[in-house]
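Heads up: the sequence shown begins at 135 in the working numbering, then just goes up one per residue.
Everything below concerns the one structure shown next.
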Amino acid sequence: MVSTQPGPDGLDRCSWCLSTPEYIAYHDKEWGFPSGLSGRTILARRGNFRAAFDGFDVRRMAAYTQADVERLLQDAGIVRHRGKIEAAINNAARALELIADEGSLAAYVWRFLPTDQTSSSQPVSTAPVSTSAASVAMSKDLRKRGWAFVGPTTVYAFMQAMGLVNDHAHDCAIRERVAQARAAFLSGPMQTVNSP
135 MVSTQPGPDG
145 LDRCSWCLST
155 PEYIAYHDKE
165 WGFPSGLSGR
175 TILARRGNFR
185 AAFDGFDVRR
195 MAAYTQADVE
205 RLLQDAGIVR
215 HRGKIEAAIN
225 NAARALELIA
235 DEGSLAAYVW
245 RFLPTDQTSS
255 SQPVSTAPVS
265 TSAASVAMSK
275 DLRKRGWAFV
285 GPTTVYAFMQ
295 AMGLVNDHAH
305 DCAIRERVAQ
315 ARAAFLSGPM
325 QTVNSP
């Protein structure tokens with residue numbers, strides 16, 4: 135992100151997060167930390183999505199039928215878009231295949247870690263980016279594997295949320311915490327996942 139502004143507690147944060155307390159909490163505790171979609175609508179409805187989609191249990195979701203699609207289309211607590219609902223079900227089945235092929239989703243996703251991630255995917259004074267070479271590559275590979283609604287912009291947002299890129303502004307108070315969490319993750323759990 136390009137700039138920071140002081141938050142209600144006086145800490146400088148990426149300016150995009152200051153419009154609501156939910157954004158601030160998401161920014162400070164989730165966004166960019168190795169783990170979670172941006173967009174206030176999705177953020178505000180996360181609990182509804184989790185309940186509607188069986189806690190995002192991919193095995194259960196992969197077994198959904200047309201009756202489940204119809205049920206979800208009637209659920210006012212989620213974004214009711216037939217194509218995206220059907221894609222979520224399809225992608226759950228593809229995730230199971232990917233786990234069988236790769237050993238885990240983490241092993242697959244972190245294979246796309248950009249090589250230039252010593253600080254951020256963005257230079258200090260540039261406008262925010264919405265894609266990268268790594269997000270284009272992951273998007274292409276996921277599509278080849280049959281995934282849907284996984285364009286480079288969606289994949290880049292996922293990469294930001296999961297901590298593959300640290301796009302917190304350079305003077306954001308949370309940036310260093312994300313960098314430390316990421317370094318610990320890469321030297322701990324991910325080292326185990328990627329070991330022969």
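From the three backbone atoms N, C-alpha and C, an ideal C-beta is built for every residue, glycine too.
Just so we're clear, the structure is a prediction, and the values are computed from it rather than from any experiment.
In this structure, DSSP gives Q314 a helical state, which the three-state scheme calls helix. Looking at the DSSP output, D188 bridges to nothing. Note on geometry: alpha-carbon atoms of T265 and M296 lie some 15 Å from one another. The shortest C-alpha to C-alpha distance from R179 to any of I223, I212, Q208 is the one to I212.
When C-alpha distances from R147 are compared across R216, A307, E164, Q314, the shortest belongs to A307. Distance between R277 and G144, taken at the CA atoms: about 43 Å.
Cβ atoms of S269 and M293 come within 8 Å of each other, at about 6 Å.
By the neighbour-count criterion, in which a residue is buried when 16 or more other Cβ atoms sit within 10 angstroms of its Cβ, P262 is exposed. Classified as buried, H161 has 16 or more neighbouring CB atoms from the shown chains inside 10 Å of its CB. G141 counts as buried, since at least 16 other C-beta atoms from the protein chains shown sit within 10 angstroms of its C-beta.
Leaving aside the five residues that flank R214 on each side, the residues in its chain whose CB is nearer than 6 Å to its CB run, in chain order, L207. Here the alpha carbon of R316 sits roughly 41 Å from the alpha carbon of A201. Here R205 is not near G280, since their CB atoms are 8 Å or more apart. Taking a contact as a CB-CB distance under 8 Å, the pair V299 and P248 counts as one, their CB atoms being some 6 Å apart. For the pair K163 and V203, the Cα-to-Cα distance works out to about 32 Å. R216 is bridged by DSSP to nothing; it lacks a bridge partner. Looking at the DSSP output, P140 sits in a beta bridge with D146. In the three-state scheme derived from DSSP, where H, G and I count as helix and E and B as strand, Q200 is classed as helix. Our two residues, V243 and L232, have alpha carbons roughly 10 Å apart in a direct line.
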